[in-house]
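For reference, the structure discussed in these notes is given below.
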Amino acid sequence: MDTVSATKSIKAKDVIGKFHTIKPNKLEAEILSGISIKNENDVEKASQYFLNEGVKNVFISLGEKGIYYSNGVTKGYLRSPKVKVVNANGAGDSFLAGVIYSTLRNESIYEAAKFGVGCSLLTICHENTINPNICIESVNKKLKETGLC
Numbered sequence: 002m003d004t005v006s007a008t009k010s011i012k013a014k015d016v017i018g019k020f021h022t023i024k025p026n027k028l029e030a031e032i033l034s035g036i037s038i039k040n041e042n043d044v045e046k047a048s049q050y051f052l053n054e055g056v057k058n059v060f061i062s063l064g065e066k067g068i069y070y071s072n073g074v075t076k077g078y079l080r081s082p083k084v085k086v087v088n089a090n091g092a093g094d095s096f097l098a099g100v101i102y103s104t105l106r107n108e109s110i111y112e113a114a115k116f117g118v119g120c121s122l123l124t125i126c127h128e129n130t131i132n133p134n135i136c137i138e139s140v141n142k143k144l145k146e147t148g149l150c
C-alpha cells in the first residue's frame with residue numbers, strides 16, 4: 002500500500018495488516034504507527050509496528066536519506082545516490098512498481114528495495130512523470146552507474 006499523503010494515510014489505519022506491503026514516508030509512518038520518528042531507532046520501531054500488525058514488507062521513505070526496509074528478518078537502509086533531480090513527480094509510484102516487480106519475482110526484500118530505488122532514480126532524472134525509457138535493462142544500468150549494483 003502506498004499511503005499517498007499524510008492526510009490520506011489515516012484511511013489506512015483500520016486496515017493495517019490486511020495488505021502485504023506498505024510504503025509510507027516518514028510523516029505517514031509517524032501518523033499510522035503513533036511513533037515520533039527522530040532517529041534511525043525510531044524508524045525501526047515504526048517499521049516493527051507495521052510488522053506486528055501483520056504487514057509482511059515495510060519500506061519507509063526517508064527522502065534524501067533513502068529508504069528503510071524490513072520484513073522482520075532482513076532489514077536495513079538503502080541510501081539514495083546523489084543525482085540531479087529533474088522532476089520528482091512519480092518517484093514514489095515508480096519505487097513501489099519496482100518493489101512489486103521484484104516481489105513477484107520472489108527476490109529478497111533488499112533486492113526489491115534496490116530495484117525500487119533504481120526505478121525511482123530513472124523517474125526523477127527525466128522531465129516526464131513517467132520516464133518513457135524505463136525498463137528492466139535501464140533500471141539495472143542505472144543501478145550499476147550509481148554503484149548500487
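Numbering-wise, the sequence shown is residues 2 to 150 according to the working numbering.
For every residue, glycine included, the Cβ atom is placed at its ideal position computed from N, Cα and C.
Short check: CB of residue i to CB of residue j, under 9 Å?
i, j, result
"residue 129", "residue 72", "no"
"residue 135", "residue 123", "yes"
"residue 126", "residue 140", "no"
Taking its Cβ as the centre, do 16 or more other Cβ atoms sit within 10 Å of residue i, making it buried, or is it exposed?
i, result
"residue 133", "exposed"
"residue 75", "exposed"
"residue 27", "buried"
"residue 150", "exposed"
"residue 145", "exposed"
"residue 118", "buried"
"residue 20", "exposed"
"residue 24", "buried"
"residue 105", "exposed"
"residue 65", "exposed"
Have a look at residue i and residue j and give me their C-alpha separation to the nearest angstrom.
i, j, result
"residue 8", "residue 109", "31 Å"
"residue 86", "residue 55", "35 Å"
"residue 151", "residue 2", "Nothing about residue 151 can be read from this structure; the chain reaches only from 2 to 150."
"residue 31", "residue 59", "13 Å"
"residue 6", "residue 142", "31 Å"
"residue 4", "residue 53", "18 Å"
"residue 62", "residue 68", "5 Å"
"residue 100", "residue 43", "23 Å"
"residue 102", "residue 113", "8 Å"
Using a Cβ-Cβ distance under 9 Å, would residue i count as near chain B?
i, result
"residue 86", "Absent here is chain B; the protein component of the structure consists of one chain."
The stretch 19 to 38 in contact with the stretch 76 to 83 per 3-pair CB rule at 8 Å: Fewer than three beta-carbon pairs drawn from the stretch 19 to 38 and the stretch 76 to 83 are found closer than 8 Å, and the two stretches are therefore not classed as touching.
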